[in-house]
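Q: Chains as they are written, first to last, in the working numbering: chain A, 57 to 314; chain B, 94 to 351. Ideal placement from N, C-alpha and C gives every residue a C-beta, glycine not left out. Supplied in structure tokens, the structure appears directly below.
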């Protein structure tokens, strides 16, 4: 066993696996009103007042290095929770998660953007949040500017940007990280068609050039089919199907009709 | 769990977050960063007027405004840090939910940005001292270790309150009330010699009493009890250890409850 922190482990795994979920269970507290009305009775009864909702029940899978895996399922099925668990921002209640290598999230782009700061200032801020240092960001600045195509507005506070422009900037920064594991959550749903194509092309390049592992959450059947080698269908916190994207969507589409 | 990670591995992220705090605050304001200096001047004028004309406190040879400034500036640093960092984790919830990094970096960045404000406002103080021709004692350098001690105490309080505020938002409202009470329990606007002897032992339990009295005694060479500063050191370090451990213990659920 390597270094483990609360079920989140870094170690050299046998075979090729870079991400391994072993019987993972995750509950979330149901956010009821946190007021004295609920708090006081629960203190008297001496137990936790939080109710739990099970998001993932006994999920196990392995992802090998260099694989591109799509995660498919209805809203609330637990797709984003899987990404959060891989990123290490939340911990499993039961089971074990092994992640070998640093993780770069492209989850909800621009999480660290500050709307009062200029595009330029936000590039450095967001780069730092994604784990890059100053030299790395500076060396990639031209690539970022070119990809985002925002050179003209780069010294404008991003509060004056449109949503699409902000997302373009965010994606351009995020794509520059060199983490061996990339998490992508619905990010391609933003921006115009042209930029979406550009993003997919960039991701495709990453996929082909570097042996990076990509986890891709999307509702777009064509994106998953074009981009992924494998897909997981999640339903009610369980993995229903683990197969090729074609197979997964065949089942998912049948099942959505009911 | 590594105490020094925010200053080594995550140093660039910490500096970027400090810069964000400072830059974003005064964007779209005419005088911008000058507010950092204008605020203490205005405060000084108000307090000087109220407490040297309406209420009078005996402050010996030292003019009241200098006496006040010596305590008011470091107090403002503590107050601004604690009140802003209490809300810092809640305000950065999007980061907490997406990216894994040591969470204490967020309250640290608030405290360090307020420290920079404090150092700027210190310039006003130095100019003031030069004009008022007050003799500064040769022990003035002792303010440096005292400031260091105050930073430890500030971080201790900030870590605890920022995490507690994630669980119960009542904390942020309570904090401002407690800070006001704490200020009047500390010899900021009045000299400690005015506290009735009967209550002095109780009064001295407040770790800020030793620190504030320490600043004054370092600059003006008044009599100073070593035991109070030893108490402040002990309390600050113990509070820091407790807060840090609680913060680290709670950290794993931050993303689930925010």
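Taking only the alpha-carbon atoms, compute the straight-line gap between residue 61/A and residue 240/A and give it to the nearest angstrom.
A: With a pLDDT of only 48 at residue 61/A, under 50, the local geometry of the prediction cannot be trusted, and the value read off the model is given with reservation. Rounded to the nearest angstrom, the two C-alpha atoms are 24 Å apart.
Q: Going by DSSP in three states, residue 301/A sits in which element: helix, strand or coil?
A: DSSP places residue 301/A in helix when its eight states are reduced to three.
Q: Check each residue of the segment 208-229 of chain A: if its Cβ is closer than 8 Å to any Cβ of chain B, include it; give the result in chain order.
A: The residues in question are 213.
Q: Per DSSP, residue 126/A forms a beta bridge with which residues?
A: DSSP output for residue 126/A lists 272/A and 287/A as bridge partner(s).
Q: Whose Cβ in chain A lies nearer than 8 Å to the Cβ of residue 188/B?
A: Per Cβ cutoff of 8 Å: 167, 168 and 185.
Q: Among 264/B, 318/B, 215/B and 250/B, which residue has its Cα nearest to the Cα of residue 330/B?
A: Checked all of 264/B, 318/B, 215/B and 250/B; the closest Cα to residue 330/B is 250/B.
Q: State the DSSP-derived secondary structure class of residue 213/A, mapped to helix, strand or coil.
A: It is a strand residue.
Q: Among 177/A, 203/A, 208/A and 281/A, which residue has its Cα nearest to the Cα of residue 301/A?
A: The option with the nearest alpha carbon to residue 301/A is 281/A.
Q: Along chain A, in chain order, which residues have C-beta atoms closer than 8 Å to that of residue 98/B?
A: Per Cβ cutoff of 8 Å: no residues; residue 98/B is ~13 Å from chain A at best.
Q: Scan the segment 176-224 of chain B and note each continuous alpha helix (DSSP H) run of 4 residues or more that stays entirely inside, going in chain order.
A: You should have 186-191.
Q: To be precise: take each residue of the segment 117-147 of chain A, compare its Cβ to all Cβ atoms of chain B, and keep it if any distance is under 7 Å. Which residues remain?
A: Per Cβ criterion, the list reads 140, 143, 144, 145, 146 and 147.
Q: In the DSSP assignment, the alpha helix (DSSP H) including residue 133/B goes from what residue to what residue?
A: Per DSSP, residue 133/B belongs to the alpha helix (DSSP H) from 128-142.
Q: To the nearest angstrom, report how far apart residue 293/B and residue 242/B are at their CA atoms.
A: Rounded to the nearest angstrom, the two C-alpha atoms are 22 Å apart.
Q: Going along chain B in order, which residues have a C-beta closer than 7 Å to the C-beta of residue 84/A?
A: Under the 7 Å cutoff, chain B gives 349.
Q: Cβ of residue 111/A within 8 Å of Cβ of residue 293/A?
A: Contact: yes.
Q: Where do the N-terminal and C-terminal ends of the beta strand (DSSP E) with residue 115/A fall, by residue?
A: It spans 107-120 - the beta strand (DSSP E) in which residue 115/A sits, taken as one unbroken run.
Q: Reducing DSSP to helix, strand and coil, say where residue 77/A ends up.
A: Here residue 77/A sits in strand by DSSP.
Q: Between which two residues does the alpha helix (DSSP H) containing residue 139/A stretch?
A: Start and end: 135-143.
Q: Taking CB distances under 8 Å as the criterion, tell me whether residue 254/B reaches chain A.
A: Chain A contact via Cβ: absent.
Q: Using a Cβ-Cβ cut-off of less than 8 Å, list which residues of the segment 276-294 of chain A approach chain B; keep chain order.
A: Here the close residues number zero.
Q: Give the secondary structure of residue 174/A by DSSP, where H, G and I count as helix, E and B as strand, and everything else as coil.
A: Reduced to three states, the DSSP call for residue 174/A is strand.
Q: Measuring only the C-alpha atoms, how far is residue 225/B from residue 278/B?
A: Going from the Cα of residue 225/B to the Cα of residue 278/B covers about 28 Å.
Q: Under 7 Å Cβ to Cβ from residue 302/B, same chain only, skipping five residues before and after it: list those, please.
A: Cβ within range, chain order: 279, 280, 285, 296 and 321.
Q: Run through the DSSP bridge pairs and tell me what residue 294/A is partnered with.
A: DSSP, once it has assigned bridges, lists 291/A as partnering residue 294/A.
Q: Using 8 Å as the limit for Cβ to Cβ distance, is residue 238/A near chain B?
A: Residue 238/A does not count as touching chain B.
Q: Examine the Cβ distances between the segment 166-179 of chain B and the segment 188-203 of chain B and report whether three or more of them are shorter than 8 Å.
A: Touching, yes, given that three or more Cβ pairs across the two stretches are closer than 8 Å.
Q: Would you call the segment 148-159 of chain A and the segment 70-82 of chain A touching, i.e. three or more CB-CB distances under 8 Å?
A: Judged by Cβ distances under 8 Å, the segment 148-159 of chain A makes contact with the segment 70-82 of chain A, as three or more pairs qualify.
Q: Taking Cβ-Cβ distances shorter than 7 Å, what residues in chain A pair up with residue 106/B?
A: The answer, in chain order, is 184 and 185.
Q: Please report whether the beta-carbon of residue 196/A lies at a distance below 8 Å from any beta-carbon of chain B.
A: Not closer than 8 Å to any Cβ of chain B, the Cβ of residue 196/A fails to qualify, so no.
Q: Within this structure, are the beta carbons of residue 159/B and residue 220/B separated by less than 8 Å?
A: Contact flag unset, no.
Q: Verify whether the separation of the beta carbon atoms of residue 218/B and residue 311/B is less than 8 Å.
A: No, they are not a contact pair.
Q: For the alpha helix (DSSP H) holding residue 191/A, just list the boundary residues, first then last.
A: Residues 190-204.
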